[in-house]
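Undergrad:
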Amino acid sequence: MELAVWTYEGPTHMGALRVATAMRGVHCLLHAPQGDSYADLLFTMIERRPGRPPVSYTSFQQRDLGRSTADLIKEAARATYERFRPEVLLIGESCTAELLQDQAGSLVRGLGLPVPVLPLDLPSWSRKETWGAGETFHRLARALLKPRAPVPGAPRPARAPGQPPRANLLGPIALGFRCRDDVTAVSRLLAAIGVEVHVVAPLGARPTDLLRLPEADFNICLYPEIAESTCAWLERTFRQPWVRAVPIGIGATRDFLAEVARLANEPGVTAAATRLADSATAGASEIGFATGAAAYAPRLPWYSQSVDATYLTGKRVFIFGDATHALAAARIVDRELGMRVVGLGTYLREQARPVREAARQYGLEALITADYLEVEACIAASHPELVLGTQMERHVAKRLGIPCAVISGPAHVQDFPARHAPQMGFEGADVIFDTWIGPLMMGLEEHLLTMFRGDFEFGAEPAITAESLPATAAVSQAPASPERVPDTTAGFAPAVPPKAADEVVNDPIWDPLAENELKKIPFFVRGKARRNTECFARERGIATITVETLYDAKAHFGR
Amino acid sequence: MTLASVPPPAMAEGRQANGSPLETSSPREASSRDLPVVCEGGQRQAFCGLAGIVWLHRKLQDTFFLVVGSRTCAHMLQSAAGVMIFAAPRFATAILEERDLAGLADANAELDRVVTRLLERRPDIATLFLVGTCPSEVIKLDLHKAAERLNQAFQAQAQADATQPNQPIPPQGLPGTTGVSPAGRPRVLAYSGSGLETTFTQGEDTCLEALVPDLPAPPAGESSLLVVGTLADVVEDQFSRLFAELGIGPVRFFPPRSARALPPVGPGTRLLLAQPFLGRAARALEARGAELLTAPFPIGIEGTRGWFASAAQAWGLAADRVEAVLAKPAARAGQALARYREQLAGKRIAFFPDSQLEALIARFLQQECDMEILVAGVPYFDRRLMAGEIDLLSRALPGHPAGSFGVVEGGDVDRQLDTVRAARPDLTVCGLGLANPLEAEGLTTKWSIELVFSPIQGFEQAADLAELFARPLTRRARLRF
Ligand code: SF4
Numbered sequence: 000m001e002l003a004v005w006t007y008e009g010p011t012h013m014g015a016l017r018v019a020t021a022m023r024g025v026h027c028l029l030h031a032p033q034g035d036s037y038a039d040l041l042f043t044m045i046e047r048r049p050g051r052p053p054v055s056y057t058s059f060q061q062r063d064l065g066r067s068t069a070d071l072i073k074e075a076a077r078a079t080y081e082r083f084r085p086e087v088l089l090i091g092e093s094c095t096a097e098l099l100q101d102q103a104g105s106l107v108r109g110l111g112l113p114v115p116v117l118p119l120d121l122p123s124w125s126r127k128e129t130w131g132a133g134e135t136f137h138r139l140a141r142a143l144l145k146p147r148a149p150v151p152g153a154p155r156p157a158r159a160p161g162q163p164p165r166a167n168l169l170g171p172i173a174l175g176f177r178c179r180d181d182v183t184a185v186s187r188l189l190a191a192i193g194v195e196v197h198v199v200a201p202l203g204a205r206p207t208d209l210l211r212l213p214e215a216d217f218n219i220c221l222y223p224e225i226a227e228s229t230c231a232w233l234e235r236t237f238r239q240p241w242v243r244a245v246p247i248g249i250g251a252t253r254d255f256l257a258e259v260a261r262l263a264n265e266p267g268v269t270a271a272a273t274r275l276a277d278s279a280t281a282g283a284s285e286i287g288f289a290t291g292a293a294a295y296a297p298r299l300p301w302y303s304q305s306v307d308a309t310y311l312t313g314k315r316v317f318i319f320g321d322a323t324h325a326l327a328a329a330r331i332v333d334r335e336l337g338m339r340v341v342g343l344g345t346y347l348r349e350q351a352r353p354v355r356e357a358a359r360q361y362g363l364e365a366l367i368t369a370d371y372l373e374v375e376a377c378i379a380a381s382h383p384e385l386v387l388g389t390q391m392e393r394h395v396a397k398r399l400g401i402p403c404a405v406i407s408g409p410a411h412v413q414d415f416p417a418r419h420a421p422q423m424g425f426e427g428a429d430v431i432f433d434t435w436i437g438p439l440m441m442g443l444e445e446h447l448l449t450m451f452r453g454d455f456e457f458g459a460e461p462a463i464t465a466e467s468l469p470a471t472a473a474v475s476q477a478p479a480s481p482e483r484v485p486d487t488t489a490g491f492a493p494a495v496p497p498k499a500a501d502e503v504v505n506d507p508i509w510d511p512l513a514e515n516e517l518k519k520i521p522f523f524v525r526g527k528a529r530r531n532t533e534c535f536a537r538e539r540g541i542a543t544i545t546v547e548t549l550y551d552a553k554a555h556f557g558r
Numbered sequence: 000m001t002l003a004s005v006p007p008p009a010m011a012e013g014r015q016a017n018g019s020p021l022e023t024s025s026p027r028e029a030s031s032r033d034l035p036v037v038c039e040g041g042q043r044q045a046f047c048g049l050a051g052i053v054w055l056h057r058k059l060q061d062t063f064f065l066v067v068g069s070r071t072c073a074h075m076l077q078s079a080a081g082v083m084i085f086a087a088p089r090f091a092t093a094i095l096e097e098r099d100l101a102g103l104a105d106a107n108a109e110l111d112r113v114v115t116r117l118l119e120r121r122p123d124i125a126t127l128f129l130v131g132t133c134p135s136e137v138i139k140l141d142l143h144k145a146a147e148r149l150n151q152a153f154q155a156q157a158q159a160d161a162t163q164p165n166q167p168i169p170p171q172g173l174p175g176t177t178g179v180s181p182a183g184r185p186r187v188l189a190y191s192g193s194g195l196e197t198t199f200t201q202g203e204d205t206c207l208e209a210l211v212p213d214l215p216a217p218p219a220g221e222s223s224l225l226v227v228g229t230l231a232d233v234v235e236d237q238f239s240r241l242f243a244e245l246g247i248g249p250v251r252f253f254p255p256r257s258a259r260a261l262p263p264v265g266p267g268t269r270l271l272l273a274q275p276f277l278g279r280a281a282r283a284l285e286a287r288g289a290e291l292l293t294a295p296f297p298i299g300i301e302g303t304r305g306w307f308a309s310a311a312q313a314w315g316l317a318a319d320r321v322e323a324v325l326a327k328p329a330a331r332a333g334q335a336l337a338r339y340r341e342q343l344a345g346k347r348i349a350f351f352p353d354s355q356l357e358a359l360i361a362r363f364l365q366q367e368c369d370m371e372i373l374v375a376g377v378p379y380f381d382r383r384l385m386a387g388e389i390d391l392l393s394r395a396l397p398g399h400p401a402g403s404f405g406v407v408e409g410g411d412v413d414r415q416l417d418t419v420r421a422a423r424p425d426l427t428v429c430g431l432g433l434a435n436p437l438e439a440e441g442l443t444t445k446w447s448i449e450l451v452f453s454p455i456q457g458f459e460q461a462a463d464l465a466e467l468f469a470r471p472l473t474r475r476a477r478l479r480f
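The listed protein sequences derive, respectively, from chains Z and V.
Numbering of the first sequence is given in numbering that gives the first Met the number 0, commencing with residue 0 and proceeding in unit increments.
Numbering of the second sequence is given in numbering that gives the first Met the number 0, commencing with residue 0 and proceeding in unit increments.
1) Between the beta-carbon of V/Val-412 and the beta-carbon of V/Gln-44, is there less than 8 Å?
2) Would you say Z/Ser-55 and V/Gln-42 are within 8 Å of each other, going by their C-beta atoms?
3) Answer with yes or no whether the minimum CB distance from V/Glu-107 to chain Z is below 8 Å.
4) What's the C-alpha gap between V/Gln-365 and V/Val-406?
5) Regarding V/Val-75 and the ligand SF4, is the C-beta to nearest heavy atom distance less than 7 Å?
6) With DSSP as the reference, please indicate the residues paired to Z/Pro-118 in a beta bridge.
7) Under a CB-based cut-off of 8 Å, is V/Glu-196 close to chain Z?
8) For the ligand SF4, is there a heavy atom less than 7 Å away from the beta-carbon of Z/Asp-35?
9) Buried or exposed for V/Leu-103, please, with buried defined as at least 16 other CB atoms from any protein chain shown within 10 angstroms of its CB.
10) Using a beta-carbon distance cut-off of less than 7 Å, what residues from the segment 78 to 108 of chain Z approach chain V?
11) When you compare the CB positions of V/Phe-153 and V/Leu-65, do they come within less than 8 Å of one another, or not?
12) Quick check for students: name the residue ranges of the alpha helix (DSSP H) that lie wholly in the segment 1 to 60 of chain Z, counting only runs of 4 or more.
13) Consider the C-beta atom of Z/Thr-95 and the heavy atoms of the ligand SF4; say whether any pair is separated by less than 7 Å.
14) I believe Z/Ala-276 touches Z/Leu-299 by the beta-carbon criterion, under 8 Å. Please report the beta-carbon distance rounded to the nearest angstrom.
15) Any heavy atom of the ligand SF4 closer than 7 Å to the Cβ of V/Ser-69?
16) Quick one: Cα of V/Leu-140 to Cα of V/Ala-106, how far?
17) Where does Z/Thr-309 land, buried or exposed, given buried means 16+ other C-beta within 10 angstroms?
18) Going along chain V, which residues have a C-beta under 9 Å from Z/Arg-248?
19) So V/Ser-447 contacts chain Z; which residues on that side make the cut at Cβ distance below 9 Å?
20) What separation, rounded to the nearest whole angstrom, lies between the Cα atoms of V/Leu-241 and V/Ala-146?
21) Against chain V, does Z/Tyr-37 count as a neighbour if the rule is that its beta carbon must be under 8 Å from one of theirs?
22) Decide yes or no for the touch test of the segment 163 to 182 of chain Z against the segment 213 to 223 of chain Z: beta carbon pairs closer than 8 Å, at least 3 of them.
23) DSSP on V/Met-370, reduced to helix/strand/coil?
24) Cutting at 6 Å between CB atoms, please list the residues of its own chain near V/Arg-474, excluding the five before and the five after it.
25) Determine, using beta carbons only, whether Z/Ser-480 comes closer than 8 Å to chain V.
26) Rounded to a whole number of angstroms, what is the C-alpha to C-alpha distance between V/Met-75 and Z/Gly-34?
27) Closest to V/Thr-200 by CA distance: which of V/Asp-463, V/Ala-439, V/Leu-472 and V/Ser-447 is it?
28) If contacts are defined as beta-carbon pairs under 8 Å, then V/Gln-355 and V/Phe-276 qualify, I think. What distance do you get, rounded to the angstrom?
29) Which residue comes first and which comes last in the beta strand (DSSP E) that contains Z/Cys-403?
30) Listing by chain order, which chain V residues have their CB less than 7 Å from the CB of Z/Gly-400?
31) Counting only Cβ-Cβ distances shorter than 7 Å, please list the residues of the segment 49 to 78 of chain V near chain Z, keeping chain order.
32) For chain Z, check one thing: does any of its Cβ atoms lie closer than 8 Å to the Cβ of V/Val-187?
33) If you draw a straight line from the alpha carbon of V/Gly-246 to that of V/Ala-294, how long is it in whole angstroms?
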């Protein structure tokens, strides 16, 4: 039994519905009690989809359980087929239905409907939403394409002369984090180097489009959580290679271009991809100022090099999300923004391995958990200056008074902005620069605050917080925040409230002079200075913190 | 934990589609003045009773709701709770896992472990509800027994603590209150919010029903009024003032704002329902000796007037005295309402079955706002509870010059959509899953969930209620691109 207050993932059938909803011509009959129909509102309210998701529910009730639910399933399947006339009918079972063991899939198959019926049989008691989405896509592709599989070992037919290389974009689904815009951004990127997008799936694809998947020269696995198993199966069955680099960030997009060029195996594409990749780092002179260029030239590299960004150096960043976005974020934070990864994790147990490996590179132990309270504790313990996470971490960060940007699902209405806001490609890199850096205080502003900290206008903290620092306004509203140890405490009283008797012994006491000195430190780093100094003193068994201790600690923790 | 559920006689085609409380829809209890209510079966678009936790946990400020269910239940609750509003909510889900399904003994041990862990983290909890779900009911995990077991364990622990003199004894509950076992340990109760048994607002019914045995007995000979059903605090306060003016009292509210201050019930307690979905809670209170007053529901001016009048009648108050007290707020409400009536009059409206408030609100919109009701879908129609509405409702039914509307019980969502698409009402009241798709088809909608969360009862809120329907019309009229 797992105690869940908020969950990162829904049940497996939710994943199936996200695939069905992304596609056209697919309908899902879900054997489920009435309350499970809440799933509809996630699509219509969060993603603002103008149509109902293609799902019908059997809505079984207590009294149906006494007799057989078989008739109910069959009746619902016939009615669903008659009304929606899908090209493929998926049969799903919610957690409760799985317990009933009604064999909904074979019951509906037995009806002989004039349409392919695919029972999903997703294990809802051991797996979760994301896995369910990947599995549904995989099973759908396999069910449709298996009859067309060539004999094992047969060579792939060569590309027709004059035919540009073609690639499938696999993985985007409904309620996916910026999937909509990523598909556009990646398609533009491919167009710029002369690669045609053959099929995008599941998003926007019909079952007949899935039948065309093997025609492409290679697959692009945009979201490994969703498409990896399908890509691997297509490779095994149709000898179709696939691109593994996920183009989030400048470096990753350059890797992506190189990998695409290799698989496209076409001199023109290789030359264009090299040119494009190089343009991204081609010095600062014209980047970001050219207009009307054929391909998008990113501004992130130059902005990051500009002196204004110096203040980002070594900033502590905590990263948590799905594996794809968390891994990409770590690389960007570390190499492209020059900040420091102090926490890295994912709620996707299935993807733990690559995240663990990446974390080791940063000298960290990866956090693999679906318990947001554990994530909260880790965030608090690592004292980050920026949190990159899901909506859950956004709330945690808000409580702790730490700036935050959202980098990954689970989906929230704010993750579907009206504007084009991809994460992928060079366009995406620039969106990322703006959204991650925005919440941090602007560099020059921070500089000025430090320089003028002694001035009386800056003495009144709330005024600063309210007017100059909108992004950190949460700090002043969160009395529980560790940053807000009251500074009005009389100079001689210990700032930390006395605790249980045995704890007091270990807690260092602030000498009044040191306490005064602490007040000269800008308030937005004061909490951290206090914590660090106390920690330093505790470790060394120092009972009273003097001005000396304060500066010793500063030297010790200084970058 | 399975509530006795006698299938009511089928009333029309297909499956009888209500949430199956045994007392609903039974022709035996039909009023002398019968209402034509059509009942349909089919696919439903509605929350289960777990959704009630969203407002119950706000009302009962020292309670915690532990749902014992699947990942679906956790996800549904979090989606219904405003798609990730945050804080440290006083609800959570104990998600059953494969090994819990394998053996009930283990599941019970697991549950005890989870509850213990939870209580360690939340020592402020006075009452813990174990909330049953479809999966917990299907595997026959008896949460009532689990609650008893936990209560006994806490009691034993409290006694053990009490015999150790150097252990500080936690503060006792305030004198005269209940809901807290002797050592300040929380009281554990169980109820069902499962979609197999409850629809949306019925989750409040089963929750309150579970609290009834804990209500204390009233002082002997006291006659009091108990208002049953969650109301916004502001509405409660208005009602309290009016009851005081009428000279009716003592008046208490159930649920109370704190589970540590449960109202007494017994012979001499008269029940006035504030919500139309509390059939089981009402039965349980009647079993404690209380008397259920037949009254309309306090929706709109007429409903509110009739609601107070029923209480006044039970207290034997003279009609002119009652009118003297009610006339002023009723007149003020009429004035406030006039503005919206102008806008709403003649507009056609349809209700999908969702919150169980549909028939009452349709009655209000027709009679007090001059709207035309195309159809009022209700999840189920409880004739016993609606007895006090029959007079008001039947004025709105065929034969009455004011026009007519049909009450439809249950129903298949696809067929309902067909009806609405064909009729193209000016306003459609529906759940969140249907609203945007209908808007995209050019139909103006109102989310029914807002009717549950907003203060809409009473005189002072009559205009606010009308405004909820006027707003989407205003908005559509304003937008130009
Ligand atoms: S309908 Fe049943 S399974 Fe679904 S969320 Fe409600 S209680 Fe859980």
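Beta carbons are placed, not taken as given, at the ideal position from N, Cα and C, and that holds for glycine.
TA: Answer, in terms of the structure:
1) yes
2) At the C-beta level, Z/Ser-55 and V/Gln-42 come within 8 Å of one another.
3) In the sequence on display, residue 107 of chain V carries Asn and not Glu. Cβ-Cβ to chain Z under 8 Å: no for V/Asn-107.
4) Distance between the alpha carbons of V/Gln-365 and V/Val-406 is about 13 Å.
5) Inspection of the sequence shows that residue 75 of chain V is occupied by Met rather than by Val. True, at least one ligand heavy atom lies under 7 Å from that Cβ.
6) Z/Ile-90
7) yes
8) yes
9) exposed
10) Cβ contacts with chain V: Arg-82, Ser-93, Cys-94, Thr-95, Leu-98 and Leu-99.
11) no
12) 11 to 21
13) yes
14) Contact doesn't hold; Cβ gap of about 14 Å is too wide.
15) yes
16) 8 Å
17) exposed
18) Per the sequence presented here, residue 248 of chain Z reads as Gly, with Arg not at that position. Going along chain V, no residue has its Cβ under 9 Å from Z/Gly-248, so there is no contact; the nearest lies around 27 Å.
19) By Cβ distance, chain Z contributes nothing, its closest Cβ being about 12 Å from V/Ser-447, past 9 Å.
20) 39 Å
21) yes
22) yes
23) Residue state, collapsed to three classes: coil.
24) none
25) Low confidence applies to Z/Ser-480: its pLDDT is 35, below 50, so where it sits in the model is not reliable, and the reading given next is rough at best. Contact of Z/Ser-480 with chain V is not assigned, every C-beta pair being separated by 8 Å or more.
26) 8 Å
27) V/Ser-447
28) 4 Å
29) 403 to 405
30) The premise fails here: Z/Gly-400 is roughly 15 Å from chain V at the closest Cβ pair, so nothing lies under 7 Å.
31) Those residues of the segment 49 to 78 of chain V that come within reach of chain Z (Cβ to Cβ, closer than 7 Å) are Leu-49, Ser-69, Arg-70, Thr-71, Ala-73, His-74, Met-75, Gln-77 and Ser-78.
32) Contact of V/Val-187 with chain Z is not assigned, every C-beta pair being separated by 8 Å or more.
33) 19 Å
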